[in-house]
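The listed protein sequences derive, respectively, from chains A and B. Converting from the first sequence to the numbering used here requires adding 5 to each position, the first position being numbered 1. Converting from the second sequence to the numbering used here requires adding 53 to each position, the first position being numbered 1. All C-beta atoms, glycine included, are put in the ideal place defined by N, C-alpha and C. The structure presented is a predicted model; accordingly, all values stated were derived computationally and were not measured.
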Amino acid sequence: MSGLLVTRLNVSHGAIHALHDISFSVEPGQLAAVIGSNGAGKTTLLRTLSGLKSATSGTAQWNEREMLGVKPEDLVRRGISHVSEGKSVIPELTVKENLVLGGIWRADRADTAKAIEEVVELFPRLGERMSQSADTLSGGERQMLAIGRALVSRPKLLLLDEPSLGLAPLVIEQIFQTIDQLRHKLGLTVVLVEQNAMSALEIADIGIIINLGSVVASGKASELINDPALRAAYLGY
Amino acid sequence: MQKVIETLLIGLSTGSIYALMSLALVLVWRSTRVINFAQAGQAMFATYIGFEISSRSGLFWLGLLFAIVGGALIGAGVDYFFMRVLFKHANSGPAAVVAPVIATLGLLGIIRSFVGLTWGGEFKSIEAPASTDGYTIGDTTIPFSPLNALIIVTVSIILIALAILFQRTNLGLALRASAYAPEIAQLAGIRTARTRTIGWAIAGGVGGVAGMLVTSYNFLTPYSLDLLLVFGFIAAVIGGLESMVGAVIGALVLGIGLTFILNYVGTSLVFIGGFSVLLLVLLLKPDGIMAKGKGRRA
Chain A
6 MSGLLVTRLN VSHGAIHALH DISFSVEPGQ LAAVIGSNGA GKTTLLRTLS GLKSATSGTA
66 QWNEREMLGV KPEDLVRRGI SHVSEGKSVI PELTVKENLV LGGIWRADRA DTAKAIEEVV
126 ELFPRLGERM SQSADTLSGG ERQMLAIGRA LVSRPKLLLL DEPSLGLAPL VIEQIFQTID
186 QLRHKLGLTV VLVEQNAMSA LEIADIGIII NLGSVVASGK ASELINDPAL RAAYLGY
Chain B
54 MQKVIETLLI GLSTGSIYAL MSLALVLVWR STRVINFAQA GQAMFATYIG FEISSRSGLF
114 WLGLLFAIVG GALIGAGVDY FFMRVLFKHA NSGPAAVVAP VIATLGLLGI IRSFVGLTWG
174 GEFKSIEAPA STDGYTIGDT TIPFSPLNAL IIVTVSIILI ALAILFQRTN LGLALRASAY
234 APEIAQLAGI RTARTRTIGW AIAGGVGGVA GMLVTSYNFL TPYSLDLLLV FGFIAAVIGG
294 LESMVGAVIG ALVLGIGLTF ILNYVGTSLV FIGGFSVLLL VLLLKPDGIM AKGKGRRA
């Protein structure tokens, strides 16, 4: 199938079996929320999908091509962009440099410049700070910059690791709204890893709940939200 | 007063050569987290190449060009054939911290022996591209010579070229991003391993220039650049190891300071002076003079 297909994925950190037979699929244009508590293996899952970590077994395919064993810098060239945990910007660089970085591998300079303009339109606050160092941005602005950088590479599949981490509730709301708008506008397929279950499931098509490295439930996001047993056990509200 | 200005100018000339060595060390440290002691050997090897070319052709600048290219190739080779392999095998535990530094020391020995076998251990000299006789003002001759001036100009040109490369080009952005945050750089699509090798090449070329400039007024032997490495290292530490601007400022401060000691106190105290500065910086401002008070970034 086209889209993202993960089958019986196993990942270990040394002796620790971090991910156990993870399987799920995300159709093109869908947003999948991967929910779980701290240490459930969500970040490990994304790092494996983007090539930062190697798997012990299993497969992961994007549009019918294997992703596992491919370097992150090559996956970017296939349209897979990973915004890693903790507002992944480079504080020593300026806002503009962080954005340019997103398209640095692309031969089409004109389109990269256009992509940067589009990001600035989307996040006007970044536009006002282009020559400032990213160090001076607020947490929310940094997250916008991190997402903006990923967008400059014109991705098809966006892997987002806890964009709400450390942000104020109001800012979190904004970020989630933006992600929702973006994926509809650009037709992005998104895998969104979150602890903030409610906010993530609200904008998601499907939800995948992970606990201790295994998928414990998955299905339509709207159904997962209303499942009382899941709410009590994993969603924490 | 005149002696102060003379000392300042000579110090600037000496310090600008330290700046190149210091930059070479900082470039490698930033990208690889290794203090590259082999840099003295790489620069020395590159200088022998430059010596060979300039003594055959009689053209110092052609020799310098070959020293730059040779130094760059040696630098890239050290990263590609030694560091990559080393990091693959020694990637965890205490070995990962110690092995690369010890490897650079080993490499220094190997390069020294190779150069010794090829060119012999006797003193070589390169004809200076400008007069080493001091300028004459009125009826006094000062120690500052056209060669000193040429050294300052050459280093300035190289520093400006590096500044443009690092601040204005995509390659420079890739080099900085890979040094500050390799993982983010990789996720942005930068081939970080290749970029690192390019960083080593630039450091190697810069080291080659330092070697040629020193050798324009000193003898060349397989050991003759060791002192330059020591002072370059001290300058890098003064600058905080992370900052290229810091490396240059640290080198100029050190060069001028040591020349003052040399001219006003005596040769015997130059070493004590150099190392005292190193200790003072480490004790009082361990993150270097460029640190903004929030500590060195990991």
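Excluding residues up to 5 positions away in sequence, V94, I95, A139, L150 and R154 lie with their Cβ nearer than 7 Å to the Cβ of A/N103 in the same chain. Around B/F176, the same chain offers F272, L273 and T274 as residues with beta carbons nearer than 8 Å, after the five sequence neighbours per side are excluded.
Under the Cβ distance rule, B/L215 does not count among the residues neighbouring chain A, no pair being separated by less than 8 Å. In the structure shown, A/V75 adopts coil according to DSSP, grouped into three states. Spanning the alpha carbons of B/R165 and B/I127 requires a straight line of approximately 13 Å. Residues of the region 220 to 248 of chain B with a C-beta less than 8 Å from any C-beta of chain A: N223, L226, A227, R229, A230, Y233, A234, E236, I237, A238, Q239, L240, A241, G242, I243, R244 and T245, listed in chain order. Sorting B/I342, B/L336, B/F313 and B/F286 by C-alpha distance to the C-alpha of B/Y71 places B/F286 at the top.
With its beta carbon at least 8 Å from every one in chain B, A/W67 lies outside the interface. Close CB contacts of B/S209 within its chain, under the 7 Å cut and outside five residues either way in sequence, are absent. The beta carbon of B/P196 is closer than 8 Å to those of E59, I63 and G187 in its chain, skipping five residues each way along the sequence. Under a criterion of Cβ atoms nearer than 7 Å, the residues of chain B adjacent to A/G107 are, in order, A241. A residue is called buried once 16 or more other Cβ atoms fall within 10 Å of its Cβ, and A/H18, having fewer, is exposed. By the neighbour-count criterion, in which a residue is buried when 16 or more other Cβ atoms sit within 10 angstroms of its Cβ, A/N43 is exposed. For the pair A/T64 and A/V75, the Cα-to-Cα distance works out to about 12 Å. Taking A/A202 as reference, the option from A/A238, A/L193 and A/H22 with the minimal CA-CA separation is A/A238.
Close CB contacts of A/R147 within its chain, under the 8 Å cut and outside five residues either way in sequence, are with K92, V94 and A139 (chain order). Rounded to the nearest whole angstrom, the CA to CA distance from B/M297 to B/T100 is 23 Å. Not a single CB atom of chain B sits nearer than 8 Å to the CB of A/E90. The criterion of a C-beta distance shorter than 8 Å is not satisfied by B/I102 and B/G130. In terms of Cα proximity to A/I211, the closest of A/A20, A/V196, A/A120 and A/A45 is A/V196. A/V81 has a beta carbon lying within less than 8 Å of a beta carbon in chain B. The beta carbon of B/T194 lies closer than 6 Å to those of G187 in the same chain, with the five residues before and after it left out. For A/L193, not one C-beta of chain B is nearer than 8 Å to its own C-beta.
Put simply, the CB of A/E78 is near chain B, with a gap under 8 Å to one of its CB atoms. With fewer than 16 neighbouring CB atoms inside 10 Å of its own CB, A/Q182 falls in the exposed class.
Residue pairing by DSSP puts A/A37 in a beta bridge opposite A/V196 and A/I211. Rounded to whole angstroms, the separation of the alpha carbons of B/R83 and B/V150 is 15 Å. The secondary-structure analysis by DSSP pairs A/S62 across a beta bridge with A/N15. Below 8 Å, enough C-beta pairs join the region 100 to 116 of chain A and the region 240 to 250 of chain B to call them touching: three or more. With fewer than three CB-CB distances shorter than 8 Å, the region 216 to 223 of chain B does not count as touching the region 81 to 91 of chain A. With respect to A/S169, A/S204 sits close: the two C-beta atoms are nearer than 8 Å. Its chain contains E146 and M149 as the residues whose beta carbon lies nearer than 8 Å to that of A/R130, once the 5 sequence neighbours on both sides are disregarded; these appear in chain order. Contact between B/F98 and B/V168 holds, with the beta-carbon distance rounding to 6 Å and staying under 8 Å. Secondary structure note for A/L162: its beta strand (DSSP E) is the uninterrupted segment L162 to D166.
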